[in-house]
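Notes follow once the structure below has been shown.
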Amino acid sequence: MSPQLTIQPFPSADNEPIARALELADVPATVEVLQALLARHATRRDAEGGCPKAERDALRASGLLALSIPVELGGLGGSWADTLDVVRRLAQVDSSVAHLFAFHHLMLITVVLYAQPAQWRPWLLGTARHDWFWGNALNPRDRRARWTASGMGWLLSGPKSFCSGALDSEMLVASGEHEGRLLVAAIPTDRSGIAVHQDWDNMGQRQTDSGSVQFDRVWVDEAELLRDPGPLSTPRSCLRSLVSQLILVAIYIGLGEGALSAARDYVRHEARPWPLDGVARVEQDPYVLAHLGDFHVALEGARLLAERAGRQLDAALERGDALRAEERGELAIQIATAKVAAARAGLDVCHRLFEVTGARSTHAALGLDRYWRNLRTHTLHDPLDHKVREIGEWVLTERWPQPGFYA
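The end of the sequence shown is residue 407 by the numbering used here, with every number in the run present.
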């Protein structure tokens with residue numbers, strides 16, 4: 001069903017309550033079912049790339065696309081701590097699908113933070129009622145797309161790259177340049193003039209549908225532009241950038257945990273002790289035990305930092321327009337700290353797991369390299385060095401990071 005930009009009464013157009021097949025209490029069990037489904041062919045799908053259509057449809061059918069939507073709009077009313085936990089758990093088995101799920105919810109919070117309720121409430125209501133999938137065509141670094149005023153609306157033309165989840169989506173959050181400003185809109189993906197290209201062919205995150213989108217004189221109504229308050233205009237609207245950073249943290253940790261789980265299973269069932277270690281079973285190998293202990297400590301520390309930041313994010317969102325710049329800055333440092341810890345821990349585990357599993361574990365059919373390829377690809381989203389510098393500047397000068405699309 002194609003989305004329509006129609007401002008409607010609430011909770012629904014006919015004032016009837018919206019039935020939900022899934023409740024918040026059911027989420028953990030639902031995620032377990034999805035984990036088992038995703039794990040069946042994750043290695044093969046990672047090698048093949050392309051759109052994970054069946055897995056996207058499984059997310060639609062699960063009800064989890066409404067996880068972060070308020071109950072009064074037909075959603076599950078989950079917090080961002082709840083949503084990020086699901087992202088992490090999905091990433092343990094399939095970081096591409098976790099990425100798609102996470103960016104869907106990032107687009108939802110984008111319209112909430114950048115627009116007024118009269119705009120975003122119908123979009124969230126439609127998402128909950130019809131299981132719409134949202135895709136990303138915002139990418140603030142790619143400013144080739146341009147807006148042109150046209151009568152009572154606008155025309156958007158030009159390409160956008162790194163458009164995660166745009167393929168097989170019902171709605172897009174898209175941006176373009178106009179007189180030196182970045183304007184953002186929410187529009188149906190099937191609108192005339194929008195061409196979503198399946199041209200994503202990277203070494204990692206191969207099923208994130210992160211190809212390009214071409215806009216050719218796409219009509220956008222003024223009511224579809226997210227201009228009040230708009231991007232980066234208030235401490236509250238600046239939370240969108242922090243949500244995106246914390247999403248990356250959840251994916252990094254989930255990938256690291258997935259790699260550790262795969263390494264542990266391989267050691268238990270396949271690995272052989274090294275002859276010079278003088279032990280009968282690999283479980284007695286002191287080097288293997290030391291590596292596994294290191295992995296656990298690093299990932300557990302990153303997970304706890306991320307959970308603290310998730311709770312603080314929910315508290316900041318509850319503050320609404322009363323949120324102060326200093327509160328936003330404190331949260332930015334917490335998230336940056338978690339991101340550095342998660343990236344370093346995850347990359348270390350995904351790289352060094354082969355020191356635990358041994359030479360035979362490099363067999364291509366096992367696909368143990370996918371954890372490193374996916375995490376290495378994802379950790380290049382924005383340079384980690386800049387996060388460390390921001391943290392160091394705060395330590396020395398107590399100045400908060402300057403709000404931006406990546407900070």
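Backbone N, C-alpha and C fix where the C-beta goes; we use that ideal spot for every residue, glycine too.
query, result
"Taking Cβ to Cβ, would you say VAL220 is nearer than 7 Å to ALA195?", "no"
"Which stretch, first to last residue, makes up the alpha helix (DSSP H) that contains TRP123?", "117-130"
"Within the continuous alpha helix (DSSP H) that includes PHE133, where are the two ends?", "That residue, PHE133, is in no alpha helix (DSSP H); it is neither H nor E in DSSP."
"Pull up the distance between the alpha-carbon of LEU155 and that of LEU172, whole angstroms please.", "15 Å"
"Within its chain, find whatever has a CB closer than 8 Å to the CB of SER2; leave out the 5 residues flanking it on each side and keep chain order.", "Residue placement at SER2 is flagged as unreliable, the pLDDT there being 44, under the threshold of 50; a coordinate-derived value is accordingly withheld."
"Buried or exposed: which applies to GLU23, given that a residue is buried once 16 or more other Cβ atoms fall within 10 Å of its Cβ?", "exposed"
"In this structure, does DSSP put HIS178 in helix, strand or coil?", "strand"
"On the criterion of 16 or more Cβ atoms from any shown chain inside 10 Å, does HIS386 qualify as buried, or is it exposed?", "exposed"
"DSSP on LEU226, reduced to helix/strand/coil?", "coil"
"Taking the beta strand (DSSP E) that ARG217 belongs to, which residues open and close that run?", "213-221"
"Nearest-angstrom Cα distance between ARG89 and GLU48?", "23 Å"
"What's the C-alpha gap between ALA342 and ALA98?", "16 Å"
"Helix, strand or coil for PHE405? Go by DSSP, reduced to three states.", "coil"
"Using the rule of at least 16 other Cβ atoms within 10 Å of the residue's Cβ for burial, across every protein chain shown, is LYS160 buried or exposed?", "buried"
"Name the DSSP bridge partner or partners of ILE187?", "LEU172"
"Does THR397 come out as helix, strand or coil in the three-state DSSP assignment?", "helix"
"Quick check: what's the CA-CA separation for LEU59 versus LEU34?", "8 Å"
"Sorted by chain position, which residues of the same chain lie with C-beta nearer than 7 Å to ALA39's C-beta, five sequence neighbours on each side aside?", "VAL93"
"Looking at the structure shown, is PRO70 part of a helix, part of a strand, or coil, going by DSSP?", "coil"
"I'd like the span of the beta strand (DSSP E) that includes VAL267, first residue to last.", "Where VAL267 is concerned, there is no enclosing beta strand (DSSP E), although the alpha helix (DSSP H) it sits in stretches over 239-269."
"Whole angstroms is fine: what's the gap from GLY153's alpha carbon to ARG240's?", "26 Å"
"Roughly how many angstroms lie between the CA atoms of PRO9 and ARG181, to the nearest whole one?", "Note that PRO9 has pLDDT 31, beneath the 50 cutoff, so the model's placement of it is unreliable and the number below is only indicative. Approximately 33 Å, taken between the alpha carbons."
"Sort ASN139, HIS178, ALA137 and LEU167 by Cα distance to SER150 and report the nearest one.", "HIS178"
"Rounded to whole angstroms, what's the CA-CA distance from ALA345 to LEU225? Just pull it up for me.", "40 Å"
"I need the boundaries of the beta strand (DSSP E) containing LEU155, first residue and last residue.", "153-160"
"Taking buried to mean at least 16 other C-beta atoms within 10 Å of its own C-beta, is LEU380 buried or exposed?", "exposed"
"Quick test of the definition: if touching needs 3 or more C-beta pairs under 8 Å, does the region 136-143 touch the region 115-124?", "no"
"Sorted by chain position, which residues of the same chain lie with C-beta nearer than 7 Å to GLY329's C-beta, five sequence neighbours on each side aside?", "TRP400 and PRO401"
"Tell me which residues share the same chain as LEU384 and place their Cβ nearer than 7 Å to its Cβ, disregarding the 5 neighbours each side in the sequence.", "VAL340 and ALA343"
"Taking only the alpha-carbon atoms, compute the straight-line gap between LEU106 and TRP274 and give it to the nearest angstrom.", "47 Å"
"Between the region 246-260 and the region 361-378, are three or more C-beta pairs nearer than 8 Å?", "yes"
"Could you check if HIS291 is buried or exposed, using at least 16 other CB atoms within 10 Å of its CB as the buried criterion?", "buried"
"Using beta-carbon positions only, say whether ALA102 and VAL112 come within less than 7 Å of one another.", "no"
"What are the boundary residues of the beta strand (DSSP E) that includes VAL196?", "194-196"
"For the beta strand (DSSP E) holding TRP147, just list the boundary residues, first then last.", "146-150"
"Between GLN207 and TRP200, what straight-line distance do the alpha-carbon atoms span, to the nearest angstrom?", "8 Å"
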